[in-house]
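Peer 1:
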Amino acid sequence: MNDRDRTEPVVDLQLDRAHSSRIYDYFLGGKTNFLADRMAAADVANVFPAAPVAARINREFMHRATRLLAASGMRQFLDIGTGIPTPPNLHEVAQSIAPDARVVYTDNDPIVLAHAAALLLSTPEGRTAYVQSDVNDPEGILTAPQLLATLDLRKPVALSLNALMHFVTDDGRDRAHKIVDTLKSALPSGSTLTMTHGTADFAPEAMQKILDIYRAAGTTLQFRSRAAFLRFFDGWELLEPGLALSHQWRPDHAGDATRVTDAEAACYAAVARKP
Numbered sequence: 000m001n002d003r004d005r006t007e008p009v010v011d012l013q014l015d016r017a018h019s020s021r022i023y024d025y026f027l028g029g030k031t032n033f034l035a036d037r038m039a040a041a042d043v044a045n046v047f048p049a050a051p052v053a054a055r056i057n058r059e060f061m062h063r064a065t066r067l068l069a070a071s072g073m074r075q076f077l078d079i080g081t082g083i084p085t086p087p088n089l090h091e092v093a094q095s096i097a098p099d100a101r102v103v104y105t106d107n108d109p110i111v112l113a114h115a116a117a118l119l120l121s122t123p124e125g126r127t128a129y130v131q132s133d134v135n136d137p138e139g140i141l142t143a144p145q146l147l148a149t150l151d152l153r154k155p156v157a158l159s160l161n162a163l164m165h166f167v168t169d170d171g172r173d174r175a176h177k178i179v180d181t182l183k184s185a186l187p188s189g190s191t192l193t194m195t196h197g198t199a200d201f202a203p204e205a206m207q208k209i210l211d212i213y214r215a216a217g218t219t220l221q222f223r224s225r226a227a228f229l230r231f232f233d234g235w236e237l238l239e240p241g242l243a244l245s246h247q248w249r250p251d252h253a254g255d256a257t258r259v260t261d262a263e264a265a266c267y268a269a270v271a272r273k274p
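Number 274 marks the last residue of the sequence shown (numbering that gives the first Met the number 0); no jumps.
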C-alpha cells in the first residue's frame with residue numbers, strides 16, 4: 000500500500016457558510032474566521048452594536064466562574080461547546096489555580112478540531128482531552144472514550160455550557176432542557192453547572208433581527224426568558240449571587256457591573272451545585 004492509499008478522509012470545514020463558533024471568534028478578536036463568518040458578524044453588529052462587548056463579557060464570566068470553582072476544590076471540568084481556542088482557555092484558568100485539574104473539551108465545529116492542539120497543552124500534573132461531538136447527543140459525549148479516560152464520573156464534575164444552549168431550539172419538545180437534564184443526571188453530588196444564555200428580555204427587536212440573521216446563515220437560535228433559563232438549574236443549588244446578567248455575576252471590580260447596560264449584555268449567567 001502506498002502513501003496515497005493511506006490518506007486520511009477529507010473533512011469539510013464548511014468555510015463557505017457562517018458558523019457560530021467562528022462568528023464568536025471574530026467578535027473576540029480572533030483570527031480563525033472567514034468571509035462568511037465576518038459577513039454574518041457584520042450583519043449582527045449592524046442591528047446589535049454591542050455584540051463584541053457581549054462576547055467579551057461572556058468570556059470574562061467563564062474565567063471568573065472557572066477560577067471560583069477551581070479555588071473551591073473542583074478538579075474535573077467538562078466544557079461542551081468550547082469554541083475556537085482563545086487564550087486563556089478554560090484549562091489554563093483552572094490549572095493556574097489547580098495544576099492537577101483535568102479538562103475535557105467538546106465541540107461540533109470541525110475547525111475547532113483542527114485547532115484542538117491548543118486545548119491539549121496541559122500541565123504535567125493535569126490532563127486535557129478533546130471530543131468532537133454535538134450537545135444534541137449528550138449520551139455520546141458522556142460515553143466518549145476520551146472523556147472516560149480523562150474524567151471519573153463518580154467524582155464531582157464542573158459542567159460548562161456557556162453561550163451554547165440558545166443554539167438548541169425546543170421545536171415544541173423542550174429539547175434543550177431535556178439535554179441539560181440528561182447531562183445533570185449523569186453527574187454525582189457536588190458537581191456544578193456553569194451556564195450562560197442569550198435572552199431577548201431587554202432588547203426584543205434587536206434579538207429578533209439576530210435570530211433572522213443566523214437563520215439566513217443556516218443556524219437556528221432560541222433566546223430564552225429569565226424563567227426559562229432558571230429552569231435549567233432545577234434541583235440544583237445556585238451559588239451566590241444566583242441568576243444574574245453575565246457582567247453582574249461576581250465582577251472582578253465593582254465598576255464592571257455597570258459599564259454596560261442590561262440590553263448590551265443580553266445574556267444570563269449562573270453557577271449551581273448538585274446537592
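For glycine and all other residues, C-beta sits at the position ideal for the given N, C-alpha and C. Source: prediction; values computed, not measured.
1) Look up residue 14 in the DSSP assignment and say whether it is helix, strand or coil.
2) Taking all protein chains shown into account, do 16 or more other C-beta atoms lie within 10 angstroms of the C-beta of residue 45, making it buried, or fewer, making it exposed?
3) Report the CB separation of residue 217 from residue 16 in whole angstroms; it is logged as a contact under 8 Å.
4) Helix, strand or coil: which one does DSSP assign to residue 196?
5) Got a sec, what are the start and stop residues for the beta strand (DSSP E) residue 76 sits in?
6) Just to confirm before moving on: does the CB-CB distance between residue 237 and residue 271 stay below 8 Å?
7) Would you call the CB atoms of residue 159 and residue 193 closer than 8 Å?
8) Quick one: using the 10 Å Cβ neighbour count with 16 as the cut-off for buried, is residue 120 buried or exposed?
9) If you check the beta carbons only, do residue 246 and residue 196 fall under 8 Å apart?
10) For residue 163 versus residue 80, is the C-beta spacing smaller than 8 Å?
11) Name the DSSP bridge partner or partners of residue 131?
12) Less than 7 Å between the CB of residue 207 and some heavy atom of the ligand GTP, yes or no?
13) Are the CB atoms of residue 167 and residue 135 nearer to each other than 8 Å?
14) Say whether the segment 170–182 touches the segment 203–210, bearing in mind that this needs 3 or more beta-carbon pairs closer than 8 Å, one atom from each stretch.
15) Could you tell me whether the segment 129–148 touches the segment 61–69, where touching means 3 or more Cβ pairs closer than 8 Å?
16) Given that a residue counts as buried once 16 or more other Cβ atoms are within 10 Å of its Cβ, and exposed if not, what is residue 41?
Peer 2: In short:
1) It is coil, neither helix nor strand.
2) The residue in question, residue 45, is exposed, as its Cβ has fewer than 16 Cβ neighbours within 10 Å.
3) Yes, residue 217 and residue 16 are in contact; Cβ-Cβ is about 5 Å, under 8 Å.
4) Annotated three-state conformation of residue 196 is strand, per DSSP.
5) Start and end: 75–79.
6) If you check the CB distance, residue 237 and residue 271 come in under 8 Å.
7) Residue 193 is positioned such that its CB atom lies closer than 8 Å to that of residue 159.
8) Taking every protein chain shown into account, the CB of residue 120 has fewer than 16 other CB atoms within 10 angstroms, so this residue is exposed.
9) By the CB criterion at 8 Å, residue 246 and residue 196 fall outside the cutoff.
10) Yes.
11) In the DSSP assignment, the residues bridged to residue 131 are 106.
12) Only the bare structure without any ligand can be found here, which leaves the ligand GTP out of the picture.
13) A contact, by the Cβ cut-off of 8 Å.
14) No contact exists between the segment 170–182 and the segment 203–210.
15) Note that the segment 129–148 does not touch the segment 61–69; fewer than 3 beta-carbon pairs, one per stretch, sit closer than 8 Å.
16) Exposed is the call here.
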